[in-house]
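**Q**
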Amino acid sequence: MPCVADWLNNPFSIVQGIFAQNVPNSDWEKKVTEYFKEKLKENNATNWVPSLNDVPVHYLKPNSLVKFRCMVQDMFDPEFYMGVYETVDPNTNARVLHFGKYRDVAECGPQQEIDLNSSQTVTSERQTFYCVPVPGESAWSVVVLNLQFYAYISASQARVSPSTSYTPSRHKRSYEEDEDMDLHPSKQKEQHIGNSSGGDIHGCVEPKRLETEASAGHHLISPNCSPPLDLNFPLPGEKGPACLVKVYESWENFKVNDVLEVYGILSVDPVLSIVNNEESSALDPMECMDTAEEQRVHSPPASLVPRIHVILAQKLQHINPLLPACLNEEESKTCEYPNLTSLFVSNFMSELSPVRAELLGFLTHALLGDSLAAEYLILHLISTVYARRDVLPLGKFTVNLSGCPRNSIFTEHIYRIIQQLVPASYRLQMTIENMNHSRFIPHKDYTANRLVSGVLQLASNTSLVVDETQLEQGQLDTTGVHNVTALGNLITWQKVDYDFNYHQMEFPCNINVLVTSEGRSLLPSDCQVHLQPQIIPPNMEEYMNSLLTAVLPSVLNKFRIYLSLLRLLDYSISDEVTKAVEEDFVEMRKNDPESITADDLHRTLLVARFLSLSAGQTTLSRERWLRAKQLEALRKARLQQQKCVNGNEL
1 MPCVADWLNN
11 PFSIVQGIFA
21 QNVPNSDWEK
31 KVTEYFKEKL
41 KENNATNWVP
51 SLNDVPVHYL
61 KPNSLVKFRC
71 MVQDMFDPEF
81 YMGVYETVDP
91 NTNARVLHFG
101 KYRDVAECGP
111 QQEIDLNSSQ
121 TVTSERQTFY
131 CVPVPGESAW
141 SVVVLNLQFY
151 AYISASQARV
161 SPSTSYTPSR
171 HKRSYEEDED
181 MDLHPSKQKE
191 QHIGNSSGGD
201 IHGCVEPKRL
211 ETEASAGHHL
221 ISPNCSPPLD
231 LNFPLPGEKG
241 PACLVKVYES
251 WENFKVNDVL
261 EVYGILSVDP
271 VLSIVNNEES
281 SALDPMECMD
291 TAEEQRVHSP
301 PASLVPRIHV
311 ILAQKLQHIN
321 PLLPACLNEE
331 ESKTCEYPNL
341 TSLFVSNFMS
351 ELSPVRAELL
361 GFLTHALLGD
371 SLAAEYLILH
381 LISTVYARRD
391 VLPLGKFTVN
401 LSGCPRNSIF
411 TEHIYRIIQQ
421 LVPASYRLQM
431 TIENMNHSRF
441 IPHKDYTANR
451 LVSGVLQLAS
461 NTSLVVDETQ
471 LEQGQLDTTG
481 VHNVTALGNL
491 ITWQKVDYDF
501 NYHQMEFPCN
511 INVLVTSEGR
521 SLLPSDCQVH
531 LQPQIIPPNM
541 EEYMNSLLTA
551 VLPSVLNKFR
561 IYLSLLRLLD
571 YSISDEVTKA
581 VEEDFVEMRK
591 NDPESITADD
601 LHRTLLVARF
611 LSLSAGQTTL
621 SRERWLRAKQ
631 LEALRKARLQ
641 QQKCVNGNEL
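Letter 181 of the sequence shown, counting from 1, is numbered 181 in full-length UniProt numbering, and no numbers are missing.
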């Protein structure tokens, strides 16, 4: 185990030491980054760094090193700061150089003043990102990360005694409680309702420490009490901290909706709230009417929205904590342990076949004995957009699972199964009420100068389950029509058109959409699979619960690794196989010119791709091509049979 040294508890002392040794050489900034990069490579040192995702802010030491796994929800305008500044003692004229990097407020010693006219002053630029926890992150993913952290927490000195100045918005639960919440969602709702009666960080009551300071002359709370601050989470009911992440280098590599893991210095100084409140009070409303609201949103109280001054940041390929952080060839070269990463992948691939068989059996039971639907669900869960040709996203595989019982708890339990398998997911109940009143599309608020989030602002590879069995007769209003259109565009083009009032801006995405419906969905899809239950359990809830509890946690973890890993594998088709597929398609067209179309070829190639990957094969073989044709024939025959039974089109 690494020794918990000053670099973790007091990173400013390390930065100060490097700055003092290298000033006025500008290389000091690069040396700071290299120092912390090397420290984090030592013996699982990343597990020693407390995470804002898992540890409430009031347990963390201010100005200590922390990490945060997050999605970029919005990016603000770049801001200028004093990278280097000079202070002077008026009595002795003694001058001292200070660094302003990684700080919100310039510091100077007693009897010192900042010399704003000093020739030594260096003005620098940094980019602020507004970041939130990954929307829809599964409870099991959070639990795994908690276990990794608490394996080392006993020796960590970064935790301090709880403070009364902050009320946590995220309450920790044990692994058993998390599992119980997953199995009994009603308990979770009750807990949320119960918590709402206590202290609310969104309310008008400021932390006690700030109340004391306010009584000394800093009026932080207006007599009318401003409305609660909206933390702008994309999904309703989300918990966790929102943070202002300040990036100093290579911020052009990051964009809205990227998932990042950042390591930086935690800033929760209450002075920020006081300073910002004074600045807002000093604004002339006749000169700038919108600035006060913008100031409130861009500079919220640090107790609600802490700041992280980033030393190191990386864009994540995935958010599955059971997998190494980087898996593709390019990124594995810069990984901490490239050999171990390669060994992990090769070891898992060697036991892929039994894992697939177990997963197929598990999903077959979940889908009431329908093995064909289970096959297609596996293919759906490992699908991903691997490229774009003009506007066409390649690799998307939206499945419409029709034949689901109407107004049944079946679809809810299918979502719970998926939730146990993927790192991030969301169930969208397609009711008239939700369509007409939910905010699906993010839009720009020019008054506050921020991007207001919507349900469809999701991280890459999130599983979105649209439950159409909840849809009843009713009238869609203008908002409802826009929301349904946005869902259709997401499925067809894998993009969401964000609303900037005067224009729309396309944001490409990579969301796995599964639509459950009674008949054929109103929404577009790449593939419709009609459910044919082989068993009808007398008690659906009891059946599904027993299915989940019967699976060992170690087996569930294998399923989770399997689905995440196969999404990241490269895939190719040799010239020889391409030629054989083309000839086969021509022959199919000759035999049945009416029903075989170019769309059939495209879909069969997709099925063949994901069949190959599901077996751990990164190239298409003749065997997999024939198996794909067989699955498609079975699927189409089932649809035709159902069409004949119902006498109308599915």
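Glycine residues also receive a C-beta, built at the ideal position from the N, C-alpha and C atoms. Here the structure is a predicted model, which is why all the values come from computation and not from measurement.
Whole alpha helix (DSSP H) runs in the segment 421-478 with 4 or more residues, listed along the chain?
**A** 432-437
**Q** Report the CB separation of M540 from F362 in whole angstroms; it is logged as a contact under 8 Å.
**A** Counting from 1 along the sequence shown, the entry for residue 540 is found at position 540. Counting from 1 along the sequence shown, the entry for residue 362 is found at position 362. The pair is not a contact, with the Cβ atoms about 17 Å apart (cut-off 8 Å).
**Q** Let's see if you can read the secondary structure: which residues bound the beta strand (DSSP E) around P393?
**A** Residue 393 sits at position 393 when you count from the first residue of the sequence shown. Its beta strand (DSSP E) spans residues 392-394.
**Q** Is the CB-CB distance between A387 and A424 below 9 Å?
**A** The residue you call residue 387 lines up with position 387 of the sequence shown. The residue you call residue 424 lines up with position 424 of the sequence shown. Against a cut-off of 9 Å, the Cβ pair of A424 and A387 comes out as no contact.
**Q** Residues in its own chain within less than 7 Å of M588 by CB, not counting five upstream and five downstream?
**A** As a position in the sequence shown, residue 588 is number 588, starting the count at 1. The residues are I596.
**Q** How would you call V268, buried or exposed, if buried means at least 16 neighbouring beta carbons within 10 angstroms?
**A** Here residue 268 refers to the residue found at position 268 when the sequence shown is read from its first residue. Answer is buried; the Cβ neighbour count reaches 16.
**Q** Mapping DSSP to helix, strand and coil, what is F12?
**A** The sequence position of residue 12 within the sequence shown is 12, counting from 1. Note: F12 maps to helix in three-state DSSP.
**Q** Spatial neighbours of L272 within its chain, please: CB distance less than 8 Å, with the 5 preceding and 5 following residues excluded, ordered by chain position.
**A** Here the question's residue 272 lines up with position 272 in the sequence shown. Taken in chain order, the residues that qualify are D104, V105, S299, P301, A302, R307.
**Q** So what's Q295 in DSSP terms, helix, strand or just coil?
**A** Translated into positions along the sequence shown, residue 295 becomes position 295. Helix.
**Q** Verify whether the separation of the beta carbon atoms of V259 and M71 is less than 9 Å.
**A** Position 259 of the sequence shown, counted from the first residue, corresponds to residue 259. Position 71 of the sequence shown, counted from the first residue, corresponds to residue 71. Yes. Within cutoff.
**Q** Quick one: measure Cβ to Cβ for S525 and I491, integer angstroms, because I've assumed they're closer than 8 Å.
**A** Working through the sequence shown from its first residue, we reach residue 525 at position 525. Working through the sequence shown from its first residue, we reach residue 491 at position 491. With a contact defined as Cβ atoms closer than 8 Å, S525 and I491 qualify at about 7 Å.
**Q** Within 10 angstroms of its Cβ, does R635 collect 16 or more other Cβ (buried), or is it exposed?
**A** For the purposes of this step, residue 635 is identified with residue 635 of the sequence shown, where counting begins at 1. Flag for R635 reads buried.
**Q** Quick one, are the C-beta atoms of K61 and G83 less than 9 Å apart?
**A** To locate residue 61, count along the sequence shown from 1; it is residue 61. To locate residue 83, count along the sequence shown from 1; it is residue 83. It is not a contact, given that the beta carbons lie outside the stated cut-off.
**Q** In whole angstroms, what is the alpha-carbon distance linking R69 and N93?
**A** If you number the sequence shown from 1, residue 69 lands on position 69. If you number the sequence shown from 1, residue 93 lands on position 93. Whole-angstrom Cα-Cα distance: 46 Å.
**Q** Quick one: Cα of V142 to Cα of D54, how far?
**A** Walking along the sequence shown from the start, residue 142 turns up at place 142. Walking along the sequence shown from the start, residue 54 turns up at place 54. Going by the C-alpha atoms only, they are around 7 Å apart.
**Q** Is DSSP giving L368 helix, strand or coil here?
**A** Numbered from 1 along the sequence shown, position 368 holds the residue referred to as residue 368. Three-state DSSP puts L368 in coil, outside helix and strand.
**Q** In whole angstroms, what separates the C-alpha of T479 from that of V551?
**A** The residue given as residue 479 occupies position 479 in the sequence shown. The residue given as residue 551 occupies position 551 in the sequence shown. If you take the alpha carbons of T479 and V551, they lie about 42 Å apart.
**Q** Checking the sheet assignment: what are the DSSP bridge partners for I308?
**A** Translated into positions along the sequence shown, residue 308 becomes position 308. Residue pairing by DSSP places I308 opposite V245, L266 in a beta bridge.
**Q** Could you compute how far the alpha carbon of S124 sits from the alpha carbon of R567?
**A** Mapped onto the sequence shown, residue 124 falls at position 124. Mapped onto the sequence shown, residue 567 falls at position 567. Each residue's alpha carbon lies about 40 Å from the other.
**Q** Given this structure, state the Cα-to-Cα distance separating S453 from A313, to the nearest angstrom.
**A** The residue you call residue 453 lines up with position 453 of the sequence shown. The residue you call residue 313 lines up with position 313 of the sequence shown. Going from the Cα of S453 to the Cα of A313 covers about 23 Å.
**Q** Could you pull out every residue in the same chain whose Cβ sits closer than 6 Å to the Cβ of D200, ignoring the five residues on either side in sequence?
**A** Looking up residue 200 in the sequence shown gives position 200. Its pLDDT being 37, under 50, D200 is placed unreliably in this model, and the coordinates cannot settle the point.
**Q** Return the CA-CA distance between W48 and P324, expressed in angstroms with no decimal places.
**A** Translated into the one-based positions of the sequence shown, residue 48 becomes position 48. Translated into the one-based positions of the sequence shown, residue 324 becomes position 324. Cα to Cα, W48 sits roughly 17 Å from P324.
**Q** Do you know whose CA, among E293, Q532, Y446, lies nearest H503's CA?
**A** In the sequence shown, residue 503 corresponds to position 503, counting from 1. Considering only alpha carbons, the answer is Y446.
**Q** Which of helix, strand or coil does DSSP assign to A615?
**A** Numbered from 1 along the sequence shown, position 615 holds the residue referred to as residue 615. Three-state result, A615: coil.
**Q** Are the CB atoms of N449 and F76 nearer to each other than 9 Å?
**A** To locate residue 449, count along the sequence shown from 1; it is residue 449. To locate residue 76, count along the sequence shown from 1; it is residue 76. Yes; because the gap between Cβ atoms is below 9 Å, this pair is in contact.
**Q** Tell me whether G237 is buried or exposed, calling it buried when 16 or more other Cβ atoms sit within 10 Å of its Cβ.
**A** Here residue 237 corresponds to residue number 237 of the sequence shown, with the count starting at 1. Classification of G237: exposed, given that the 10 Å Cβ count is below 16.
**Q** Along the beta strand (DSSP E) that carries T87, what are the first and last residues, could you check?
**A** Sequence index remark: in the sequence shown, residue 87 carries index 87 (1-based). Its beta strand (DSSP E) spans residues 79-88.
**Q** Report all residues from its chain with a CB closer than 6 Å to the CB of R624; omit the five preceding and five following residues, and keep chain order.
**A** Looking up residue 624 in the sequence shown gives position 624. Cβ neighbours of R624 beyond the five flanking positions: A608, L611, S612.
**Q** Ordered along the chain, which non-local residues of its own chain (more than five positions away) have a Cβ less than 8 Å from that of N253?
**A** The residue labelled residue 253 in the question sits at position 253 within the sequence shown. Only K315 meet the Cβ criterion.
**Q** How would you call M505, buried or exposed, if buried means at least 16 neighbouring beta carbons within 10 angstroms?
**A** On the sequence shown, residue 505 is found 505 positions in, with the first residue counted as 1. With fewer than 16 Cβ atoms within 10 Å of its Cβ, M505 is classed as exposed.
**Q** Give me the Cα-Cα distance between P593 and D600, rounded to the nearest whole angstrom.
**A** Here residue 593 corresponds to residue number 593 of the sequence shown, with the count starting at 1. Here residue 600 corresponds to residue number 600 of the sequence shown, with the count starting at 1. Distance between the alpha carbons of P593 and D600 is about 12 Å.
**Q** Run the CB neighbour count on residue 728, radius 10 Å, all protein chains shown included, and call it buried at 16 or more, exposed below.
**A** A query on residue 728 cannot be resolved here, the shown segment of the chain reaching from 1 to 650 and no further.
**Q** What's the gap between the Cα of K67 and the Cα of C243?
**A** Your numbering for residue 67 matches position 67 in the sequence shown. Your numbering for residue 243 matches position 243 in the sequence shown. Taken atom to atom, the span from the alpha-carbon of K67 to that of C243 is near 11 Å.
**Q** Where DSSP assigns a beta bridge to residue 733, which residues make up the other side?
**A** This structure cannot settle anything about residue 733, because the visible part of the chain is limited to 1 through 650.
**Q** For the beta strand (DSSP E) containing A387, list its first residue and its last residue.
**A** Taking the first residue of the sequence shown as 1, we reach residue 387 at position 387. Annotation: the continuous beta strand (DSSP E) that includes A387 extends over 387-389.
**Q** Would you call the segment 429-440 in contact with the segment 471-485, where contact means no fewer than 3 C-beta pairs closer than 8 Å?
**A** yes
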